[in-house]
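Colleague: Just so we're aligned, residue 1 is where the sequence shown starts under my numbering, counting upward by one. Ideal Cβ positions, reconstructed from N, Cα and C, are used throughout, including at glycine. The following block contains the structure, expressed as structure tokens.
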Amino acid sequence: MTTTITLVQGDITRESVDAIVNAANSSLLGGGGVDGAIHRRGGPEILAECRRLRASHYGKGLPTGKAVATTAGNLDARWVIHTVGPVHTPTEDRSDLLASCYRESLRVADELGARTVAFPAVSTGAYRWPMDDAARIAVGTVRHTPTAVEEVRFVLFDDRAYEAFSRQLG
Ligand code: ADP
Numbered sequence: 001m002t003t004t005i006t007l008v009q010g011d012i013t014r015e016s017v018d019a020i021v022n023a024a025n026s027s028l029l030g031g032g033g034v035d036g037a038i039h040r041r042g043g044p045e046i047l048a049e050c051r052r053l054r055a056s057h058y059g060k061g062l063p064t065g066k067a068v069a070t071t072a073g074n075l076d077a078r079w080v081i082h083t084v085g086p087v088h089t090p091t092e093d094r095s096d097l098l099a100s101c102y103r104e105s106l107r108v109a110d111e112l113g114a115r116t117v118a119f120p121a122v123s124t125g126a127y128r129w130p131m132d133d134a135a136r137i138a139v140g141t142v143r144h145t146p147t148a149v150e151e152v153r154f155v156l157f158d159d160r161a162y163e164a165f166s167r168q169l170g
């Protein structure tokens with residue numbers, strides 16, 4: 001089965017898919033950017049499940065590059081897959097951690113049986129990853145990760161992100 005990669009410009013919380021990926025932080029307790037939007041629109045059930053994860057398996061939080069699923073609450077999806085992107089720094093190459101976010105999210109999606117998965121541009125907001133490089137890693141990793149997911153939809157918030165991802169697909 002081949003995975004189709006599609007691009008959409010807009011708000012990921014408006015997408016209808018099996019799983020919406022959240023660019024979370026390791027606390028799993030909410031934040032700004034896409035994380036804030038997902039919790040606002042998805043409602044309190046998502047945070048309640050994140051708190052239970054913190055109280056059980058992830059007492060120290062979710063490590064960078066890993067992924068874990070919760071309910072999607074009121075979103076038009078079955079699951080939210082939370083992944084923690086690396087903070088970009090010019091002094092250390094953390095590319096493999098960013099690639100790991102996509103690989104691990106797809107692994108969790110496969111465990112769940114998700115067939116359509118929406119991703120934001122992980123790490124490109126508060127975590128400052130340069131957009132072109134983030135797009136290269138995101139598209140390259142999805143292309144090279146074996147998965148039963150049929151559609152990976154990148155949902156890019158603005159023109160700049162959309163164009164960066166388009167260049168990688170072109
Ligand atoms: P990170 O901390 O991983 O950098 P951010 O949420 O700050 O996460 O930003 C990741 C990307 O998500 C940025 O490109 C930002 O513009 C984008 N973004 C913010 N809100 C939304 C949204 N509602 N839907 C899709 N993308 C979003």
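Does the Cβ of residue 137 lie closer than 7 Å to at least one heavy atom of the ligand ATP?
Modeller: This structure simply doesn't include the ligand ATP; it includes the ligand ADP instead.
Colleague: Quick one, are the C-beta atoms of residue 64 and residue 80 less than 8 Å apart?
Modeller: no
Colleague: Is the CB-CB distance between residue 13 and residue 53 below 8 Å?
Modeller: no
Colleague: Measuring only the C-alpha atoms, how far is residue 41 from residue 125?
Modeller: Cα to Cα, residue 41 sits roughly 19 Å from residue 125.
Colleague: In angstroms with no decimal places, state the Cα-to-Cα distance between residue 77 and residue 18.
Modeller: 5 Å
Colleague: Can you tell me whether DSSP reads residue 92 as helix, strand or coil?
Modeller: coil
Colleague: Assuming residue 108 and residue 67 are in contact, meaning their beta carbons sit under 8 Å apart, how far apart are those beta carbons, in whole angstroms?
Modeller: 5 Å
Colleague: Tell me whether residue 69 sits in a helix, a strand or coil according to DSSP, three-state version.
Modeller: strand
Colleague: Just to confirm before moving on: does the CB-CB distance between residue 8 and residue 23 stay below 8 Å?
Modeller: Cβ atoms of residue 8 and residue 23: not closer than 8 Å.
Colleague: Can you look up residue 145 in the DSSP assignment and give me helix, strand or coil?
Modeller: coil
Colleague: Beta strand (DSSP E) containing residue 82: first to last residue?
Modeller: 79-84
Colleague: When DSSP builds the beta bridges, which residues end up paired with residue 23?
Modeller: 83
Colleague: Return yes when at least one heavy atom of the ligand ADP lies under 7 Å from the C-beta of residue 162, else no.
Modeller: no
Colleague: Using C-beta distances below 8 Å, list every residue in its chain close to residue 115, excluding the 5 sequence neighbours before and after it, in chain order.
Modeller: 18, 148, 149, 150 and 151
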